[in-house]
Amino acid sequence: MNYIEALQAYIDATNSHDFNNVKDLLHPNAVYWFTDQSCTSLEEIERYFNNAWDTIKNEVYSAKDVQWLTVSDTSAACIYTYHYEGYYKGKFISGSGRATNVFTFADHKWKLIHEHLSSPVE
1 MNYIEALQAY IDATNSHDFN NVKDLLHPNA VYWFTDQSCT SLEEIERYFN
51 NAWDTIKNEV YSAKDVQWLT VSDTSAACIY TYHYEGYYKG KFISGSGRAT
101 NVFTFADHKW KLIHEHLSSP VE
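The numbering of the sequence shown is UniProt numbering, which starts it at 1 and goes up by one.
1. Is the segment 41-55 touching the segment 65-82, taking contact as three or more C-beta pairs under 8 Å?
2. With the cut-off set at 9 Å, would you say Y61 and T14 are in Cβ contact?
3. What does a CB cutoff of less than 6 Å around I56 pick up in its chain, not counting 5 residues either side in sequence?
4. Cutting at 6 Å between CB atoms, please list the residues of its own chain near F34, excluding the five before and the five after it.
5. Hey, how far is the Cα of D18 from the Cα of I11?
6. Shortest alpha-carbon distance to V66 belongs to which of Y82, D54, S38, C39?
Shown next as structure tokens:
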């Protein structure tokens with residue numbers, strides 16, 4: 001799997017709503033920056049994902065306008081606009097924001113080591 005396929009696998013894993021699928025694609029030292037919280041361990045990342053899936057039911061996450069900013073044999077970084085849709089308290093909602101993902105090539109696999117998501121200021 002190359003870095004582009006790794007991003008798609010990550011999005012597919014996110015949409016499975018099963019953190020075990022996501023965890024398989026994460027580097028053990030992954031760090032996530034969200035608008036409202038930073039997660040610096042896999043346990044914190046898992047709690048954040050599970051809370052999001054519990055809050056927005058049947059969420060579908062996607063990436064649009066992906067731009068690969070830098071690519072080497074050992075790392076790849078991209079930016080994109082993320083979109084989500086699902087049900088919050090029974091009402092259909094959708095939204096978008098900005099994302100940065102950094103992948104590293106470790107143990108013959110591309111792994112996500114950093115994600116930064118930010119939502120627009122309202």
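Even glycine gets a Cβ: it sits at the ideal position worked out from N, Cα and C.
Put simply:
1. Contact fails: fewer than three Cβ-Cβ distances are below 8 Å.
2. In the sequence shown, the residue the question calls residue 61 occupies position 61. In the sequence shown, the residue the question calls residue 14 occupies position 14. In this structure, T14 lies closer than 9 Å to Y61 by Cβ.
3. On the sequence shown, position 56 is the one that residue 56 refers to. Cβ within range, chain order: G86, Y88.
4. Here residue 34 corresponds to residue number 34 of the sequence shown, with the count starting at 1. Close CB contacts of F34 within its chain, under the 6 Å cut and outside five residues either way in sequence, are with L117 (chain order).
5. Counting from 1 along the sequence shown, the entry for residue 18 is found at position 18. Counting from 1 along the sequence shown, the entry for residue 11 is found at position 11. Between D18 and I11, the C-alpha separation is close to 12 Å.
6. Looking up residue 66 in the sequence shown gives position 66. Comparing Cα positions, the closest option is Y82.
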